[in-house]
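Numbering (our numbering), first residue to last: 653 to 725. Remarks on the structure that follows.
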Amino acid sequence: MEPALHWMDVVRGVDARARAEQAFARLRVWDTEANTGVLLYVLLADHRLEIVADRGLRGIAPGQWRAVCETIE
653 MEPALHWMDV VRGVDARARA EQAFARLRVW DTEANTGVLL YVLLADHRLE
703 IVADRGLRGI APGQWRAVCE TIE
């Protein structure tokens, strides 16, 4: 969860999705036995929720992830 993006990130074109993917890598969320790590990223200033899932969860359809987001929202 972050309150807002740093202004320099905004100038560089970083958006909520890119920041979520950066956090996924920095926090090593992929480092699970079955490659099933999931990161829920909330950017409060933009009212954005991003879900980044590891490759072990590729079988889940985008619509299902959207439903999860809507439930959380």
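Built from N, CA and C at the ideal position, the CB exists for glycine as well. All values derive from a computational prediction rather than experimental measurement.
Taking valine 690 as reference, the option from Ala670, His699, Trp717 with the minimal CA-CA separation is Trp717. Around valine 681, the same chain offers Gly689, Leu691 as residues with beta carbons nearer than 6 Å, after the five sequence neighbours per side are excluded. A distance below 6 Å between beta-carbons, with the five flanking residues on each side excluded, links arginine 700 to the following residues of its chain, in chain order: Ala668.
Taking C-beta atoms as the reference points, valine 720 and phenylalanine 676 fail to come closer than 7 Å. Judged by their CB atoms, asparagine 687 and glycine 711 are not nearer to each other than the 7 Å cut-off.
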